[in-house]
Structures are given as C-alpha cells and as structure tokens.
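Here the structure comes first, spelled out in structure tokens, and everything after it is commentary.
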Amino acid sequence: MTDATTTPIPALVSGFDKDLDGLGTAARATHDQQYHKSEFAHMGVPVPELRKLVKGLYKELGGRRAGHDDVTGLAAALWDSDVYERRLAAVFVLAQGVRLLDGADLQDVTLMLRDAPMWSLVDPLAGDVAGKVVLRDREGTGRTLDLWADDGDFWLRRAALLALIPGIREGKPDLVRFTRYADPMVEEREFFIRKAIGWVLREIAYKDPTWVAAWVTARLDRLSGVTFREAVRRLPEDMAARLTAEYKAAGSGRGAGKAVARSAA
Numbered sequence: 007m008t009d010a011t012t013t014p015i016p017a018l019v020s021g022f023d024k025d026l027d028g029l030g031t032a033a034r035a036t037h038d039q040q041y042h043k044s045e046f047a048h049m050g051v052p053v054p055e056l057r058k059l060v061k062g063l064y065k066e067l068g069g070r071r072a073g074h075d076d077v078t079g080l081a082a083a084l085w086d087s088d089v090y091e092r093r094l095a096a097v098f099v100l101a102q103g104v105r106l107l108d109g110a111d112l113q114d115v116t117l118m119l120r121d122a123p124m125w126s127l128v129d130p131l132a133g134d135v136a137g138k139v140v141l142r143d144r145e146g147t148g149r150t151l152d153l154w155a156d157d158g159d160f161w162l163r164r165a166a167l168l169a170l171i172p173g174i175r176e177g178k179p180d181l182v183r184f185t186r187y188a189d190p191m192v193e194e195r196e197f198f199i200r201k202a203i204g205w206v207l208r209e210i211a212y213k214d215p216t217w218v219a220a221w222v223t224a225r226l227d228r229l230s231g232v233t234f235r236e237a238v239r240r241l242p243e244d245m246a247a248r249l250t251a252e253y254k255a256a257g258s259g260r261g262a263g264k265a266v267a268r269s270a271a
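Following this note's numbering, the numbering of the sequence shown begins with 7 at its first residue and continues without gaps.
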C-alpha cells in the first residue's frame, strides 16, 4: 500500500499538540504522575479524550488509506517526547494501524518497551500491538516473544505474557508457550509479573476452565496469592471453591519465600 498522507508528519504532530493543550488539568496531571510513579511529564488528559484525539489524527494521516511508513513515522514522532500523553498517543496510533505492521516492526516495539517503564504503556504495546502482530505470524515472530520472556527487564517479561492474550481471545491460545514462559516466572516477587500470569490464566479460563484448573493444581505450592486469585476468578464456582480450599491447605504465601532472583541486566 502506498503512503497516503499529504500533510507532513511534523505538521500533524504540531496540530495534535495544540489540540492536546488545554484538555487536561493540573490536578489530574499531578494525580496521574503520582499514581503511575511516572518519570514523564503529565498533562492530565483523560484517556477517552486522548483516544478521541488520536482517532482524528489518524484520519488526517489517511485512515484506511494510510501506509506502513505513515503509521510508524507518526508513532515515532509522537514517542520522541518526555510527555506521557504523547507517548500513549504513539501506542494508540500503532494499535490503530496494527494491520500494517509485521514482525520487523517488533524490533521497534522492543525498544519502546525498554523505554516505557510503566504498565499503562507496556500493556497496550504488548496486547494491542505486539500480540496482534504475533497472532498473524507465530512462526515468524514467536522468537521475539521468547527473547522478551527471558529478558532481565521485568517489563519485557510481562509483555511476553500479555502478548499471548489476543490469541486466547481469538480462540487460538498458545498454551505450550504460556507454560514455558510462566513456569520460570511463577515464583518471582515482582507484582507485575505475578499479576500478568494470573491475567493470562483468567483469559484462558473463559473458554477452557478445566485446563486452568489443572495448571493451577499442579502449582499450588508455588503460586503467589495475586496469581492464584486472578487465575480462579472466572472459573466455575465449585471448581474455584475446591481450588481455594486446596490452596489454603497447601499454605498461602509459599511463593514469597522462594522467589526467583532475576538479574537486572
């Protein structure tokens, strides 16, 4: 597809910045920065307003006629900022144009993940962008997720897990890959890893509760409380009650005492 934009990307970004200015409040900006423990500047713009603005920006880019380089170029220009809303807008642009992305673009997504140390940027990059690219070409792109899952940066490990969710929701779960990723991580102390494992199990449980129950049962002495609670949240009531009783009998908090030490390198 040929690139369709007629307005230079710098002009699009400049116009976006003008539209963005004034949508937030100082009070919300302070709250958001503290809530996210963020190193970025915040403008306090509500996410629904930001999404609406990005949709308009994407139309200016060309909408369905936009090409690959339009989308990646605009995302890169937005990302090149210390303003949180600009960076989140970059993620939304990639998500809107994800049909144009391929495995090669995951190299740039990897760099963005390393430069996005907060869940509100990492999670949509993993689920709405990387996960959908991987779903179209697991054989060609799965190696990237494998590398993330073994990375010393826990945000990349979290991204590897969450990138599996689009496949689960499409009825094409990669259960072998999930187990291969989750088993070495299941005793980690990092909350964002424990939560991510539980979230993936919760998504699987919607369509395959028996598999989730068996997976949990085999690891009752290793699962943290947060992982366990998320894993059983969508199981049938009788199944969840049985597992909860077994989990309590096995002794809660077992994962905390045997946490896996991971290098930050």
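The beta-carbon is built from N, C-alpha and C at its ideal position, and this holds for glycine as well.
Being a predicted model, the structure only gives us computed values, none of them experimental.
Item checked: Distance, G257 Cα to D134 Cα -> Straight-line spacing of the CA atoms in D134 and G257 works out to 37 Å.
Cutoff 7 Å; reference V128; Cβ partners in own chain excluding five residues on either side: Correct list, in chain order: L119, A122, W161, R164, A165.
Sequence ranges, alpha helix (DSSP H) only - wholly within the region 70–134, length at least 4
Runs of the alpha helix (DSSP H) inside the region 70–134: 74–85, 90–102, 112–120, 125–130.
Exercise for review: Would you mind stating whether R195 and V232 have Cβ atoms separated by less than 7 Å?
Suggested key: Their beta carbons are not under 7 Å apart, which means R195 does not touch V232 by this criterion.
Does DSSP put A169 in a helix, a strand or coil? It is coil, neither helix nor strand.
Going by C-alpha distance, which of L63, A132, A224 is nearest S20? Looking at L63, A132, A224, the one whose alpha-carbon comes closest to that of S20 is L63.
Task: Any 3 or more C-beta pairs closer than 8 Å across the region 240–251 and the region 203–222 - done: Touching, yes.
For G173, count neighbouring Cβ atoms within 10 angstroms of its own Cβ and tell me buried if that reaches 16, exposed if not.
Buried, by the Cβ-count rule.
(Q) Using only the alpha-carbon positions, how far apart do D27 and F98 sit? (A) So the two alpha carbons sit approximately 18 Å from each other.
Tell me the rounded alpha-carbon separation between V182 and G30.
Looking at the two C-alpha atoms, the distance is approximately 44 Å.
Among G69, S87, K65, S126, whose alpha-carbon lies nearest the alpha-carbon of P52? Selected option, being the one with the closest Cα: S126.
- Residue from A17, A237, A110 with nearest C-alpha to R142: Nearest to R142 by alpha-carbon distance, out of A17, A237, A110, is A110.
Looking only at C-alpha atoms, which of E176, P14, A251, F22 sits nearest to R93? A check of alpha carbon separations from R93 across E176, P14, A251, F22 identifies F22 as the nearest.
Using a Cβ-Cβ cut-off of 7 Å (strictly less than) and excluding sequence neighbours within five positions of A96, which residues of its own chain qualify? So the list reads A81, L84, W85, once near-sequence residues are dropped.
- So which of D180, I203, K178, F198 has the shortest CA-CA distance to D189? Considering only D180, I203, K178, F198, the residue with the shortest C-alpha distance to D189 is I203.
- Could you have a look at A47 and say whether DSSP puts it in helix, strand or coil? In the structure shown, A47 sits in a strand (DSSP, three-state: E or B).
- prompt: Which of helix, strand or coil does DSSP assign to D143?
  reply: DSSP places D143 in the coil class of the three-state scheme, outside both helix and strand.
Nearest-angstrom Cα distance between R149 and A155? About 10 Å.
Report buried or exposed for D38, applying the criterion of at least 16 other Cβ atoms within 10 angstroms of its Cβ. Under this definition D38 is a buried residue.
| message | Using the Cβ count rule (16 or more neighbours within 10 Å means buried), how would you classify A169? | response | Its Cβ being crowded by 16 or more others within 10 Å, A169 is buried.
Exercise. What residues in its chain sit with their C-beta under 6 Å from that of A132, if we drop five residues either side in the sequence?
Worked result: Cβ neighbours of A132 beyond the five flanking positions: A165, L168, A169.
field: Whole-number beta carbon distance between D180 and R144, since they are thought to touch under 8 Å
entry: Rounded, the Cβ-Cβ distance is 7 Å, consistent with contact.
- Message: For K178 and I171, I'd like the C-alpha separation in whole angstroms.
- Response: Approximately 9 Å, taken between the alpha carbons.
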